[in-house]
Amino acid sequence: MTKILVATDKPFAKIAVDGIRKEIESAGYQLALLEKYTEKQQLLDAVSYADALIVRSDIVDSEVIGAGENLKIVVRAGAGFDNIDLDTATAAGICVMNTPGQNSNAVAELVFGLLIYAVRNFFNGSSGTELKDKRFGIHAYGNVGRNVARIARGFGMEIYAYDPFLKAVDIEKEGVKAFASVEELYSTCDIVSLHIPATTETKNSINYQLLKCLPKGGVLVNTARKEVINEQEMVKFLTERTDCKYVTDIEPANHAQMKEQFPDRYYSTPKKIGAQTAEANINAGIAAAQQIVDFLKTGNQKFRVNK
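The sequence shown begins at 12 in my numbering and counts up by one.
And the structure:
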């Protein structure tokens, strides 16, 4: 019987597992669970008999892929997929998918939690600023970016976006002003919210030259990926621009240094929490199961992320 393995160091909620089980077993497949594993060998052993694999932030490297001799598909329950070795998966003939959109609202709401904390001076009792009428920039207008724009409208903000993969007309039909360059976005907006993936092109792309474009009092919110920030140049920027702030849910490698140097202008959550809501947990897990069933039944590769 076809076996679908759910391997999660940080398990899905029970209601999500129940939903995944329903999708898989109603399709005539067998569900296997590996939760809270403590050794990589446990994952290697479990994947050796699986035809399909669902993970969260678990690392699926060349060793895991090599152990999965019967693997046909791996689905990351979430938007990001940099925890999976795409090249090795492609070479092995394995389809890799993510579940775009399932965590989008959770991440978008976190943006404004971080942002309010920042503009109110980390709740230290001093006078902060309001979001109403502020120029709000969205760097990458995908699923999360659209949800961020929806929430920003409720705050009465002026909304702008930059996305090199979308036509300006498609962005602007949603009431968002599109910019032709990333520099224009950063130089115009009081606040910029990052939603770019970590790719060869984007890693370290949020650098000093770009950050210094921010207007006086600028705030950068990063709920995307750690790797897109040039961390040393961020320190240089915050050192020179004492009017600006940086808030994120991805703790940088130089967190201790930044916390010490910029205690009133930098904040990071202890761990990445953008998708950590009950709703997102359930949605992403069930979507992953549905995509696997569809792939195995019909060959649908709509959400494939490897070539």
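No residue lacks a Cβ here, since even glycine has one placed at the ideal position from N, Cα and C.
In whole angstroms, what separates the C-alpha of residue i from that of residue j?
i	j	result
Gln41	Gln53	19 Å
Arg276	Gln312	44 Å
Val130	Ala163	14 Å
Lys223	Arg252	8 Å
Val304	Ile31	10 Å
Leu205	Arg161	16 Å
Leu75	Gly104	The amino acid occupying residue 75 in the given sequence is Val; Leu does not appear at that position. Rounded to whole angstroms, Val75 to Gly104 spans 14 Å at the Cα level.
Thr259	Pro175	23 Å
Ala291	Tyr197	30 Å
Gln302	Ala189	33 Å
Do residue j and residue i have their beta-carbon atoms positioned less than 8 Å apart in this structure?
i	j	result
Arg236	Pro263	no
Leu97	Val316	yes
Ala299	Thr110	yes
Leu64	Gly79	yes
Gly148	Thr199	yes
Asp201	Arg146	yes
Gly285	Val118	yes
Ile261	Asn218	no
Leu16	Ala43	yes
Among the options, which has the Cα closest to the Cα of residue i?
i	options	result
Ala102	Gly156, Gly296 and Ile84	Ile84
Asn215	Asn241, Leu225 and Leu222	Asn241
Met168	Ala151, Leu126, Ile31 and Phe176	Leu126
Asn158	Phe123, Gln287 and Phe176	Phe123
Gly228	Val203, Asp20 and Cys255	Cys255
Leu307	Asp62, Lys33 and Gly165	Asp62
Contact defined as beta carbons within less than 8 Å: I believe residue i pairs with residue j. What is the distance between those atoms, to the nearest angstrom?
i	j	result
Tyr60	Asn94	Not really, about 22 Å apart at Cβ, beyond 8 Å.
Ala18	Leu45	4 Å
Val187	Tyr173	Going by Cβ atoms, the distance from Val187 to Tyr173 rounds to 10 Å, so no, they are not a contact pair.
Leu121	Tyr152	No, Leu121 and Tyr152 are not in contact; Cβ-Cβ is about 18 Å, not under 8 Å.
At least three beta-carbon pairs within less than 8 Å, the segment 234 to 248 to the segment 256 to 272 | yes
Stretch-stretch touch, CB-based, cutoff 8 Å, three pairs: the segment 88 to 102 with the segment 67 to 77 | yes
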